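Contents: one structure, followed by commentary.
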Amino acid sequence: GENVEQHPSTLSVQEGDSAVIKCTYSDSASNYFPWYKQELGKGPQLIIDIRSNVGEKKDQRIAVTLNKTAKHFSLHITETQPEDSAVYFCAATLNTGFQKLVFGTGTRLLVSP
Amino acid sequence: EAGVTQSPTHLIKTRGQQATLRCSPISGHTSVYWYQQALGLGLQFLLWYDEGEERNRGNFPPRFSGRQFPNYSSELNVNALELEDSALYLCASSLAGALNEQFFGPGTRLTVL
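Listed in order, the protein sequences are those of chains A and B. Adding 39 to a residue's 1-based position in the first sequence gives its number in this note's numbering. Adding 123 to a residue's 1-based position in the second sequence gives its number in this note's numbering.
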């Protein structure tokens, strides 16, 4: 079925700590996994993505890992800063007839100074 | 380069009325996607348009409809508004037919009284 589970729903860390958000998908044919950051009053912004032929991708303080066997992928933020506070959404492509993106329910990250 | 724009920013309607939301994609993008984000929930896929045609539709009733114009801008129409239609409606655009790298607009906040 079409389902992307995301955990935790809320995450509070101290500035400088690392934050990890995990997602699990159900469609073994999924091949694209983007992560979006949504700040208050704004639309989601793509921050990093990974494709099924890659196990890990890093961009400065942000990294994403993909385990195709277990059908889960994770977002890792190191050296968190207060401006990282936002809601983060994972997504996965669902390939039933026409492709579409299925989003997780979001993780509210709060970074305290 | 201008991003995805949406209008209006806010829209207040009463039950039974119709709402029209508008979206202009990034220049060069031909695919437009509509999502509903109810308060505290994730993004629910509504519609996907590409080259003027509806390509895919989410699990929403027929009173949610839309169209894409020759300049690739798009309209979302919601007829017979219900209270539970109150949500943030997000538009995203991407290159032709590509589900990857969707860029979101700021959204239209629809309130149904």
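Beta carbons are placed, not taken as given, at the ideal position from N, Cα and C, and that holds for glycine. Source: prediction; values computed, not measured.
To the nearest angstrom, how far is the alpha carbon of residue i from that of residue j?
i	j	result
Glu95/A	Asn182/B	33 Å
Tyr71/A	Tyr127/A	17 Å
Thr117/A	Leu79/A	22 Å
Pro131/B	Tyr212/B	11 Å
Ile89/A	Glu122/A	23 Å
Lys61/A	Leu162/B	22 Å
His115/A	Trp74/A	11 Å
Give a yes or no on whether the minimum CB-CB distance between residue i and chain A is below 9 Å.
i	result
Tyr195/B	no
Val155/B	no
Gln167/B	yes
Phe187/B	no
Leu164/B	yes
For a cutoff of 9 Å on Cβ pairs, would you count residue i as touching chain B?
i	result
Ala130/A	yes
Phe112/A	no
Gln45/A	yes
Gly145/A	yes
So the beta strand (DSSP E) residue i belongs to, where does it begin and stop?
i	result
Gln159/B	154–160
Ala142/B	142–147
Gly77/A	The amino acid at residue 77/A is misidentified as Gly; the sequence shows Gln. Counting along the chain, the beta strand (DSSP E) containing Gln77/A begins and ends at 71–77.
Since residue i contacts residue j with CB under 8 Å, what's their CB separation in whole angstroms?
i	j	result
Leu144/B	Thr231/B	5 Å
Please name the residues in the region 200–216 of chain B whose beta-carbon is closer than 7 Å to at least one beta-carbon of chain A, in chain order. Leu213
Could you run through the region 62–87 of chain A and flag, in chain order, every residue whose CB is less than 8 Å away from some CB of chain B? Tyr71, Pro73, Tyr75, Gly80, Lys81, Gly82, Pro83, Gln84, Leu85
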